[in-house]
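S.K.: Per UniProt numbering, the sequence shown starts with residue 1, numbered consecutively.
C-beta atoms are modelled at their ideal positions from N, C-alpha and C, and glycine is treated no differently.
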Amino acid sequence: MDQEFWHSRWAENRIGFHLSDTNPLLVKYWPLLHPQREEAVFVPMCGKSIDLSWLASKHDEVVGVELSEIAVRAFFSEHLYTPTVTSMSPTMKLYHFDELSIYAGDYFTAPLETYPLVYDRAALIAMPESLRQQYAERLLSLLKPGGRILLVTLHYPQEQMDGPPFSVDADEVRRLFDGYKITHLNRDEQADRPPKGRTADFFAEEVWLIES
1 MDQEFWHSRW AENRIGFHLS DTNPLLVKYW PLLHPQREEA VFVPMCGKSI
51 DLSWLASKHD EVVGVELSEI AVRAFFSEHL YTPTVTSMSP TMKLYHFDEL
101 SIYAGDYFTA PLETYPLVYD RAALIAMPES LRQQYAERLL SLLKPGGRIL
151 LVTLHYPQEQ MDGPPFSVDA DEVRRLFDGY KITHLNRDEQ ADRPPKGRTA
201 DFFAEEVWLI ES
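1) Mapping DSSP to helix, strand and coil, what is ALA71?
2) In chain order, what residues of the same chain lie with their CB nearer than 6 Å to the CB of TYR103, ignoring the 5 residues before and after it?
3) So the alpha helix (DSSP H) ALA56 belongs to, where does it begin and stop?
4) Do you know whose CA, among ASP51, LEU185, PHE75 and ILE182, lies nearest THR22's CA?
5) Please go through the same chain and pick out, in chain order, the residues whose beta-carbon is closer than 8 Å to the beta-carbon of SER77, but skip the five residues on each side of it.
6) Who are SER87's beta bridge partners in DSSP?
7) On the DSSP letters alone, give me the boundaries of the beta strand (DSSP E) that SER167 sits inside.
8) Nearest to LEU100 by alpha carbon, out of THR114, LEU131, TRP54 and ASP106?
9) Could you give the DSSP three-state label for LYS28: helix, strand or coil?
10) Under a three-way DSSP split, which group does LEU112 fall into?
11) Just mark VAL43 as buried or exposed, buried being the case when its beta carbon has 16 or more other beta carbons within 10 Å.
12) If you follow the alpha helix (DSSP H) that ALA200 is in, where does it begin and where does it stop?
13) Residues bridged to THR183 by DSSP?
14) Are GLN133 and LEU80 touching if we call contact CB-CB under 8 Å?
15) How should ASP171 be labelled, buried or exposed, when 16 other C-beta atoms within 10 angstroms of its C-beta is the threshold for buried?
16) Using the Cβ count rule (16 or more neighbours within 10 Å means buried), how would you classify ARG198?
17) On a Cα-Cα basis, can you pick out the residue from PRO90, ASP60, LEU112 and ASP201 that is closest to GLU159?
18) Please identify the residue among LEU151, GLY163 and THR86 whose C-alpha is closest to the C-alpha of VAL118.
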């Protein structure tokens, strides 16, 4: 993953991937994980997603990790939260407020625990093909036995459009999460993207439930 690319996107406020409202797919499909309030939720590459606040309204602990400290600061500022900030290392800080904790730093090195619930809307599809296996292995290492993942992916002709977000088709999802129970929940070919200024023959948003 090109860290400088993501740092520059946030620094220049080029964040077309950011949603200004809670993702309706999260609201619709999260109940299928049979989540309990006491179960902690992990959100990789969380940005400043409003989904974090939605999840925090339903769970006692929500933990995110985000490479850009600009995004982390913006999340707390925009929600008028005053977090406690702890420096974990020269390249890692922990922002904490009530149910919410966000590590500002690299997903691959963040001092994370294991979690029963994971919500991935924009992390896997942010990974170039060369890093997806490593990403998935790390994610699964953070999943508790019996854990569940709500995964949102995109599928489009990769040769017609540059990522990120990248296309991750059904075969790749099944390969990355081989050995886990995989349920395809939804495919929306009327998704109102691709990103502005880019076109593809089709552009579908897909939702998956991954269970250990």
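M.R.: Taking the structure as given:
1) helix
2) VAL65, LEU94 and ALA110
3) 51 to 56
4) ASP51
5) none
6) LYS93
7) That residue, SER167, is in no beta strand (DSSP E); it is neither H nor E in DSSP.
8) TRP54
9) helix
10) coil
11) buried
12) That residue, ALA200, is in no alpha helix (DSSP H); it is neither H nor E in DSSP.
13) LEU209
14) no
15) exposed
16) exposed
17) ASP201
18) LEU151
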